[in-house]
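Asks:
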Amino acid sequence: MDLKNTLRESNLTNLPLLASQVVEGFISGIHKSPFHGYSAEFAEHKLYNTGESTRHIDWKLYGKTDKLYTKKFEEETNLRCHFILDQSASMYYPEVSSPSLSQLDKVSFSALSIASIMQLLNQQRDAVGLSIYDEELRFQATEKGSGLHYNMIYNELEKSINTPQQNTKTNTYQFLHEIAEKLKRRSLVFLFTDLFQADLSRADLFEALRHLKYNKHQVVLFHTLDHKTEVNFDFDEAPKRFFDLETGAKIDLHTQQFQNEYVERMSEFIQEVKLTCAKYKIRYVEADIRKNFEKILSTYLVEKQKLKS
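Under UniProt numbering, the first residue of the sequence shown carries the number 1, and numbering increases by one thereafter.
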């Protein structure tokens, strides 16, 4: 069946609501994490000190954490954040007929991650932008902070989830350069991609990543993968037929015969990407779609604080 530009049934039909649930779950456990002291606005609260006025205590937050925090009234931060989403065919792996919180492919995980970060950014009406690409630059919106703009981006993310692409290749090199050229003001840049592009040399890939540092942007690469199968090549012993989602090519394999060699080569590639990101001062984050969103949101908190400092 040709899935290109064909809607699929999805349980991820209200991204703002789902993202708020993800954020609430993250906040509920935050007092047990290294980010103890942050709140729903995270950087906009501080621990209450005995003797201070109780006027600005956040009682709603107290009910969630059993800790007293007071609101800090600071000037608008004017944070700018631009999200880049790779929606090429390989990002619709693994095959999921009806994406849900308990069963996500890479593009759904990425879209929900973006929506969750947006929930936090929306606390201060920070400006957000979005670029979506595969073999074309499918969507691009500059950074704005209005409610209408946020809703437009949520809608585009939902479209990416619900409209699978088949045999669409990745043009990472061209579009990362184009996006970088259009980001004129210093921003947080979050890139969600699996970095799969067969016809792109590693040198060109790394040059495109380097260009994202244009104008001293603070860049985070969320390397979005299904670690069980795409990194560890962990399948059962039955023979498998593998399809290249971007070219349609196929191959039959007994995975056990190739697992060690595959894992070794994949590890080498990931290590090379990590070293290159470190060289260019890009934050590299392994984003395993089988795990929760704690690492994604924690990374946002750290990078936001770094940008403001």
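Quick reminder that beta carbons are idealized off the backbone N, C-alpha and C, glycines included.
Here's a check: name, in chain order, each residue in its chain whose Cβ is nearer than 6 Å to the Cβ of residue 253, leaving out the five neighbours to either side.
Replies: If we look at residue 253 and ignore the five residues flanking it on each side, its Cβ neighbours are 240.
Asks: My understanding is that residue 288 touches residue 211, with C-beta atoms under 8 Å, so please give their C-beta distance in whole angstroms.
Replies: Between residue 211 and residue 288 the Cβ distance is about 27 Å, and since that is not below 8 Å, they are no contact.
Asks: Residues in its own chain within less than 7 Å of residue 64 by CB, not counting five upstream and five downstream?
Replies: Correct list, in chain order: 27, 28.
Asks: Reducing DSSP to helix, strand and coil, say where residue 194 ends up.
Replies: coil
Asks: How many angstroms separate the CA atom of residue 140 from the CA atom of residue 233?
Replies: About 34 Å.
Asks: Evaluate residue 169 with the Cβ neighbour count: other Cβ atoms within 10 Å of its Cβ, from every protein chain shown; 16 or more gives buried, anything less gives exposed.
Replies: buried
Asks: If residue 84 sits next to residue 131, beta carbons under 8 Å apart, how far is it from one beta carbon to the other, in whole angstroms?
Replies: 5 Å
Asks: Which term fits residue 87, buried or exposed, when burial requires 16 or more other beta carbons within 10 angstroms of its beta carbon?
Replies: With at least 16 other beta carbons inside 10 angstroms of its own, residue 87 counts as buried.
Asks: So, at 6 Å on beta carbons, what are the nonlocal neighbours of residue 153 in its own chain, with the 5 sequence-adjacent residues on each side left out?
Replies: 130
Asks: Starting from residue 140, trace the beta strand (DSSP E) in both directions and tell me its first and last residue.
Replies: 137-144
Asks: Based on the DSSP output, what are the partners of residue 223 in its beta bridges?
Replies: 193, 286
Asks: Count the C-beta pairs between the segment 95-111 and the segment 202-211 that are closer than 8 Å, then say yes if the count reaches three, no if not.
Replies: no
Asks: Have a look at residue 273 and residue 206 and give me their C-alpha separation to the nearest angstrom.
Replies: 8 Å
Asks: For residue 49, count neighbouring C-beta atoms within 10 Å of its own C-beta (all shown protein chains included) and say buried if the count is 16 or more, exposed if not.
Replies: exposed
Asks: Determine the DSSP secondary structure at residue 252, reduced to helix, strand or coil.
Replies: strand
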